[in-house]
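Under our numbering, the residue at position 13 of the sequence shown is numbered 13, and the numbers go up by one with no gaps.
Positions of the beta carbon are idealized from the N, C-alpha and C atoms, including for glycine.
In this text, all values refer to a predicted model and were calculated from it rather than measured experimentally.
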Amino acid sequence: MLANYGKKTDEKWQKKWDDTKLYSVDFNRPGDKLYLLEMFSYPSGYTLHMGHWWNYSLADSWGRMKTMQGFNVFHPMGFDAFGLPAENFAIKTGVHPKDSTEGNIATMERQLREIGCTYDWKHELSTCDPDYYKWTQWLFLKLYENGLAYQKEAPVNWCPTCMTVLANEQVVDGECERCGHEIVHKKMKQWFFKITAYAEELLNRLPSIDWPEKTKRIQEN
Ligand SMILES: [Zn+2]
């Protein structure tokens with residue numbers, strides 16, 4: 001009974017927020033503008049998990065405070081939906097990455113709406129959308145044309161049963177986190193960005209950035 005009442009209340013107010021475009025930004029509104037951007041969600045599982053909201057609730061609360069202080073807050077959300085997690089999910093389930101990714105995004109978006117976050121969904125994007133990744137491809141070509149993207153052989157974590165490369169976080173005690181098979185370190189031809197070309201410039205300007213000392217040391221190293 002109480003749960004039903006809660007659901008009804010949620011639905012009533014969510015509809016009201018949608019109808020009044022409460023979280024939709026008007027860029028022409030006078031006053032101080034605030035662009036609140038967090039890292040995008042990875043739609044790698046079936047649904048949103050607590051880690052997502054644990055991460056996003058802080059910025060959401062902060063954005064509300066800035067709104068109450070009179071700022072014109074633009075708070076968009078997107079999905080970092082390309083690459084290893086989508087590939088691994090496809091291998092595991094046999095579902096095409098396009099179908100699984102779009103399905104996962106729809107579920108996560110619905111859940112984020114139900115939580116009542118302040119995202120402006122009009123400006124949502126997904127990195128696996130051709131309208132988005134044409135720009136990352138363009139950027140890559142510019143790097144390549146200028147000798148800043150190159151290929152070379154380098155060691156990777158390889159799982160022989162999953163037939164895929166694994167990120168360091170997916171290797172637990174030398175084993176694949178999904179199937180438990182022992183990881184093989186083998187050399188593969190890969191793409192690299194020549195960030196060392198900018199090492200001195202980055203180091204020299206690091207002190208002028210307002211970051212915690214610990215983060216600066218990580219960058220230096
Ligand atoms: Zn494996």
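message: Rounding to the nearest angstrom, what Cα-Cα distance links Ser208 and Ile195 in this structure?
response: 20 Å
- prompt: Considering only residues of the same chain and omitting the five flanking positions on each side of His181, which have a CB-CB separation below 7 Å?
  reply: Cys159, Pro160, Thr161 and Glu175
- prompt: Which residues in the same chain have their Cβ closer than 8 Å to the Cβ of Met108, if we skip the five residues on either side of it in sequence?
  reply: Ser41, Pro43, Thr47, Leu48, His52 and Phe79
- request: Identify every run of the alpha helix (DSSP H) within the stretch 30-110, keeping only runs that are complete inside it and at least 4 residues long; order them along the chain.
  value: 50-68 and 84-93
Residues bridged to Thr235 [DSSP beta-bridge criterion]: An answer regarding residue 235 cannot be provided, because it is not within the stretch 1 to 221 covered by the chain.
query: Which stretch, first to last residue, makes up the beta strand (DSSP E) that contains Phe193?
result: Val184 to Phe193
- prompt: Can you list every residue whose CB sits closer than 6 Å to some heavy atom of ligand 1, going in chain order?
  reply: The filter returns Cys159, Thr161, Cys162, Cys176, Arg178, Cys179 and His181, in chain order.
query: Helix, strand or coil: how does DSSP classify Leu139 here?
result: DSSP places Leu139 in helix when its eight states are reduced to three.
Beta-carbon proximity list for Lys152, same chain, < 8 Å, skipping 5 on both sides: Lys189, Gln190 and Phe192
task: Pick out whichever of Gln111, Phe82 and Arg110 has its Cα sitting closest to the Cα of Pro97.
output: Phe82
Tyr23, DSSP secondary structure in three states: Coil.
message: Only counting the same chain, and skipping five residues up and downstream in sequence, which positions put a Cβ closer than 7 Å to that of Glu87?
response: Pro97 and Thr164
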